[in-house]
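Going by our numbering, the first residue of the sequence shown is number 6, and it counts up by one from there.
Just so you know, even glycine gets a beta-carbon here, dropped at the ideal spot from N, CA and C.
A quick note: this is a predicted structure, and the numbers were derived from the prediction, not measured.
Each remark here refers to the structure printed beneath this line.
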Amino acid sequence: MFRFILTALLFLTIHLFAQSGQFSGVVTDAKTGEPLVGANVTIPALGIGTTTDSDGFFTLRNVSFGDHQISVNFLGYKNFQRIVSVSRNTEPVKISLAPTPLAGKAVNIVATRAIEGETPAAFSTLTNEEIETRYYAQDIPVLLSELPSTTYYSENGSGLGYTYMSIRGFDQRRISVMINGVPQNDPEDHNVYWVD
């Protein structure tokens, strides 16, 4: 009896595998013809799916013979759905996805400058005219030393080369230095290197 059940299960398994095939194809951009890498290809009714490779190629294995609805989607492209027939001699298909814009909420970017007396932080501003009249070839800390509570020192004493500054006793590692809103402090030690 055991041999009979084992033989029946073997033939049933062979019969089941004989009734399934594979479905393959390539997914491309409808406008450019370029392959789409990473597009999702699924047969929702069977619960199987895959993604396309670097050439836009995909293969779905163990697909039962018959008609199935295939679904292909990729971010930034219209979803594609079609009924396909899977048989022993199913040829690879070419699927072209049409690009579609992504709808999103509008983003408004508003910027303001620091205004003396309204901004909750102490700051000083040097205008272009002040820089042109005061700056002569020295490093920037020498120019900035003319601002209130700011001092500088230079390794060689001339204001050229490695120059450092402090504001109200804090060295430049404790000061956020920005030029036109862009931070100048080194990300590792938070120091400012004026010679680089």
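- According to DSSP, residue pairing for K110 in a beta bridge does not occur.
- Three or more beta-carbon pairs separated by less than 8 Å are not found between the stretch 131-145 and the stretch 72-79, which leaves the two stretches without contact.
- In terms of CA proximity to L107, F79 leads the group R93, P188, F79 and V98.
- Here T138 carries a helix assignment [DSSP, helix/strand/coil].
- Runs of the alpha helix (DSSP H) lying entirely within the stretch 135-191, each at least 4 residues long, are 145-149 in chain order.
- Put simply, of T105, V182, F70 and A103 the residue whose alpha carbon is nearest the alpha carbon of I88 is F70.
- I53 sits close to L65, with the two beta carbons spaced by under 9 Å.
- DSSP, reduced to helix, strand and coil, places I48 within a strand of the structure shown.
- DSSP places R8 in the helix class (H, G or I) of the three-state scheme.
- Between V98 and G30, the gap from beta carbon to beta carbon is short of 9 Å.
- It is roughly 16 Å from the alpha-carbon of H195 to the alpha-carbon of G186.
- If you check the CB distance, L131 and L152 come in under 9 Å.
- Looking at I136, E134, Q177 and L102, the one whose alpha-carbon comes closest to that of T33 is L102.
- When beta bridges are read from the DSSP output, L65 appears opposite F28.
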